[in-house]
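Novice: Going by the numbering used here, the final residue of the sequence shown carries number 97, and the count climbs one at a time with no gaps. Note that the Cβ used here is the ideal one computed from N, Cα and C, for glycine as well. The structure's right below; bear with me while I get my questions together.
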Amino acid sequence: MQWASGTLRADCTKGGALVTTDTVKTVTGPGQLVGVDNGDPTDTTSYKGTSRKAFSGKALAIVRSIGTAGAIVVSASASGVTAGSVTVTATQ
Numbered sequence: 006m007q008w009a010s011g012t013l014r015a016d017c018t019k020g021g022a023l024v025t026t027d028t029v030k031t032v033t034g035p036g037q038l039v040g041v042d043n044g045d046p047t048d049t050t051s052y053k054g055t056s057r058k059a060f061s062g063k064a065l066a067i068v069r070s071i072g073t074a075g076a077i078v079v080s081a082s083a084s085g086v087t088a089g090s091v092t093v094t095a096t097q
């Protein structure tokens, strides 16, 4: 299995206040979203899903290759902030 990494960094502040709304992740290309997290030790939400509430302005998407080479695009959006995406290249 090949691994690729990329960082999608969001400024999750709006007027000085931290945005804590759900972040929604989508994956296109030869990859699949396998988990989401936010680092909050008190959050008991399942790791399986496509959204996670941000904690300290951050949320994590765990993506794996499906075994085919190509560009994997991971996108994230949340209410009150501009959506963004990162592209990583999977190789065989």
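Beta strand (DSSP E) containing G89: first to last residue?
Specialist: Residue 89 sits at position 84 when you count from the first residue of the sequence shown. Residues 89-95.
Novice: Quick one: residues in its chain with C-beta nearer than 6 Å to the C-beta of T73, no 5 flanking neighbours on either side, listed in chain order?
Specialist: For the purposes of this step, residue 73 is identified with residue 68 of the sequence shown, where counting begins at 1. P35.
Novice: What separation, rounded to the nearest whole angstrom, lies between the Cα atoms of T94 and L38?
Specialist: Taking the first residue of the sequence shown as position 1, residue 94 is located at position 89. Taking the first residue of the sequence shown as position 1, residue 38 is located at position 33. For T94 and L38, the distance between alpha carbons rounds to 15 Å.
Novice: Indicate whether V41 and A76 have their beta-carbon atoms separated by less than 8 Å.
Specialist: The residue given as residue 41 occupies position 36 in the sequence shown. The residue given as residue 76 occupies position 71 in the sequence shown. No; because the gap between Cβ atoms is not below 8 Å, this pair is not in contact.
Novice: Roughly how far, in whole angstroms, is the beta-carbon of T31 from the beta-carbon of S80, given that I think they are within contact range, below 8 Å?
Specialist: Counted from its first residue, the sequence shown places residue 31 at position 26. Counted from its first residue, the sequence shown places residue 80 at position 75. Rounded, the Cβ-Cβ distance is 5 Å, consistent with contact.
Novice: Name the residue from G62, A59, G54 whose alpha carbon lies nearest to the alpha carbon of V68.
Specialist: Along the sequence shown, one-based indexing puts residue 68 at 63. Cα-wise, what sits closest to V68 is G54.
Novice: Closest by CA to T92, which one among V86, S70, N43, R57?
Specialist: As a first step, residue 92 must be located in the sequence shown, where it is residue number 87. T92 has its Cα closest to that of S70, out of V86, S70, N43, R57.
Novice: The beta strand (DSSP E) with G75 in it runs from where to where?
Specialist: For the purposes of this step, residue 75 is identified with residue 70 of the sequence shown, where counting begins at 1. That run of the beta strand (DSSP E) goes 75-83.
Novice: Identify whether T47 lies in helix, strand or coil by the three-state DSSP scheme.
Specialist: The residue you call residue 47 lines up with position 42 of the sequence shown. It is coil, neither helix nor strand.
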